[in-house]
Amino acid sequence: MLYMLKQVEAATTFVRLMPTTMAAQGLKEKAMEEWLAANPHAVLPEEERAFVISQATSFENLVDILAVDQKGDLVVIEIKRGQTPRDVIAQALEYCSDVETWDYQQLNARAINYFRSKGLQYESLSGAFEEIFGVLPGEVDESRFNQQQRIFIVAEAIEQKVELTSRWLLRRGIDIACIQYECFRTADGQLFLDFREIVRRDEAPAPEGPRKVRASAPTEEEFVDQMSGAAQVLYGELKRRVRAFGDDVQSGATALYLKFVAGRNFGEIHHMKAGLRVYVRPEGFTIPESGTMEVEGLRVTRVSDRYIWTLNHWFTVASDADVDAAERLLRRSYDAVHGRVGV
107 MLYMLKQVEA ATTFVRLMPT TMAAQGLKEK AMEEWLAANP HAVLPEEERA FVISQATSFE
167 NLVDILAVDQ KGDLVVIEIK RGQTPRDVIA QALEYCSDVE TWDYQQLNAR AINYFRSKGL
227 QYESLSGAFE EIFGVLPGEV DESRFNQQQR IFIVAEAIEQ KVELTSRWLL RRGIDIACIQ
287 YECFRTADGQ LFLDFREIVR RDEAPAPEGP RKVRASAPTE EEFVDQMSGA AQVLYGELKR
347 RVRAFGDDVQ SGATALYLKF VAGRNFGEIH HMKAGLRVYV RPEGFTIPES GTMEVEGLRV
407 TRVSDRYIWT LNHWFTVASD ADVDAAERLL RRSYDAVHGR VGV
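Our numbering puts the first residue of the sequence shown at 107, with every later residue one more than the last.
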């Protein structure tokens, strides 16, 4: 049972704080989002600070809150009223895979739009960083930003499966934390929030056995070295062909998969026992949700819409015979990034 100490004239009284919920108080998820946008430090470890550069809008599928911390890393905050749905982690990882490729110009444009919408006087991302964190003008290098991405899942109740999955990701080098909050009210209607860390970024224990926890995402070369010889050959050939799509094509790796990028991700390559599983963008496909169809000679599957993945169609590349078709499907995805959607 919680009480608030309240000074009334010369006496100190105890005011009981009664448990409640956001829903019971008629508050929507947006209310918590707005409060955290103004107070992002509430979910950060002590002594850490951050400032917000973007919030989700009704017409754009983005993370609830995107912030920048003192290192220049991106802070992805996903907020849920009530209990976390199981797909909340998939959503957060999808957002991270999108923003990971943003350069300073993209971040700066996003930040400027946000500052203007909130009536803030900052003229640029670097200018805000200098003023908020007390950095001398001219000392902030643009390359400092977005070196890493951090995930914070905030909800009234962290579902057990979400907690277990978060700890699994944490042990494998994904910077993720789960924050649970509880609402209280007084008899006169004042609301209070209590935040509690369920999964902390500093708790990642060393896994059993000789393997070490990776502190950051592997390089592309390191990721490929962990693949089977056959998968390495398939990926090398796909990469060679995809590079020919345009000068803007880049390749890289996250802790979970390889990727092809042209401003935005257009291909994600996962190492499977049967070869490679490749995820591409949905433009140009007519496959029903969770359905499968033969396209360009390969069986293509559409992921359930509940995951809200940008790259939500996948196929398997199991041998050299699949590479030509995979190239054509990746080309579709590349063209979609550039607004050239085929039929």
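Just so it is clear, CB atoms sit at the ideal spot from N, CA and C, and this is done for glycine as well.
Reference residue i; option with closest CA among the options
{"i": "E327", "options": "R307, S357, E265", "result": "S357"}
{"i": "L435", "options": "G397, I375, D170, G225", "result": "I375"}
{"i": "R405", "options": "A432, D426, G244", "result": "A432"}
{"i": "D426", "options": "D170, A337, A116", "result": "A337"}
{"i": "E140", "options": "V121, Q161, V149, L344", "result": "Q161"}
{"i": "E303", "options": "C284, P243, R273", "result": "C284"}
{"i": "D175", "options": "T292, R437, G240, R438", "result": "G240"}
{"i": "A143", "options": "A129, E154, I171", "result": "I171"}
{"i": "V149", "options": "A129, A173, R192, M128", "result": "A173"}
{"i": "N371", "options": "F221, Y287, E200, S272", "result": "E200"}
{"i": "Q227", "options": "A116, L362, I159", "result": "I159"}
{"i": "F258", "options": "V246, R273, E248, Q212", "result": "R273"}
{"i": "D430", "options": "V409, E402, L417, E389", "result": "E402"}
{"i": "E184", "options": "T392, K345, I264, V121", "result": "I264"}
{"i": "V121", "options": "V194, P243, L108", "result": "L108"}
{"i": "G445", "options": "G397, E389, V409", "result": "E389"}
{"i": "Q212", "options": "E248, T119, D193", "result": "E248"}
{"i": "S334", "options": "F301, H377, G352", "result": "H377"}
Helix, strand or coil at residue i [DSSP, three-state]
{"i": "L108", "result": "strand"}
{"i": "G225", "result": "coil"}
{"i": "W274", "result": "helix"}
{"i": "M128", "result": "coil"}
{"i": "E236", "result": "helix"}
{"i": "E327", "result": "helix"}
{"i": "Y440", "result": "helix"}
{"i": "G342", "result": "helix"}
{"i": "G390", "result": "coil"}
{"i": "I385", "result": "Checking the sequence, you will find Tyr at residue 385 rather than Ile. Of the three classes helix, strand and coil, the one that applies to Y385 here is strand, per DSSP."}
{"i": "G529", "result": "One cannot answer for residue 529 here, as it falls past the ends of the chain, which runs 107 to 449."}
{"i": "A173", "result": "strand"}
{"i": "N371", "result": "strand"}
{"i": "G244", "result": "coil"}
{"i": "E288", "result": "strand"}
{"i": "Q254", "result": "coil"}
{"i": "E121", "result": "Sequence inspection shows Val at residue 121; the Glu mentioned does not correspond to that position. Looking at V121 - three-state DSSP - the assignment turns out to be strand."}
{"i": "M378", "result": "strand"}
{"i": "R320", "result": "Since pLDDT at R320 reaches only 40, below the 50 mark, its modelled position is unreliable, and the value read off the structure follows with that caveat. Correct three-state label for R320: coil."}
{"i": "M138", "result": "helix"}
{"i": "S264", "result": "Reading off the sequence, residue 264 comes out as Ile, not Ser. Coil, per DSSP."}
{"i": "V401", "result": "strand"}
{"i": "S396", "result": "coil"}
Buried versus exposed call for residue i [16 or more other C-beta atoms within 10 Å across all chains shown]
{"i": "K267", "result": "exposed"}
{"i": "K224", "result": "exposed"}
{"i": "M110", "result": "exposed"}
{"i": "P125", "result": "exposed"}
{"i": "K112", "result": "exposed"}
{"i": "T60", "result": "In this structure the chain extends from 107 to 449, so residue 60 is not present and cannot be described."}
{"i": "A261", "result": "buried"}
{"i": "Q131", "result": "exposed"}
{"i": "A442", "result": "buried"}
{"i": "V339", "result": "exposed"}
{"i": "D428", "result": "buried"}
{"i": "Q332", "result": "exposed"}
{"i": "D308", "result": "exposed"}
{"i": "E229", "result": "exposed"}
{"i": "G295", "result": "exposed"}
{"i": "L270", "result": "exposed"}
{"i": "F329", "result": "buried"}
{"i": "F391", "result": "buried"}
Nearest-angstrom Cβ-Cβ length linking residue i and residue j, presumed shorter than 8 Å
{"i": "L299", "j": "C289", "result": "6 Å"}
{"i": "A72", "j": "V181", "result": "This structure gives no information on residue 72, because the portion of the chain shown stretches from 107 to 449."}
{"i": "A368", "j": "Y440", "result": "6 Å"}
{"i": "A217", "j": "A196", "result": "That belief does not hold up - the Cβ atoms of A217 and A196 are roughly 26 Å apart, past 8 Å."}
{"i": "N214", "j": "L231", "result": "4 Å"}
{"i": "L364", "j": "Y341", "result": "7 Å"}
{"i": "D179", "j": "R256", "result": "6 Å"}
{"i": "T292", "j": "L123", "result": "6 Å"}
Contact between the segment 379-392 and the segment 414-428 (3+ Cβ pairs under 8 Å): yes
Meets three-Cβ-pair contact criterion under 8 Å: the segment 133-153 and the segment 173-189: yes
Contact between the segment 203-221 and the segment 242-255 (3+ Cβ pairs under 8 Å): yes
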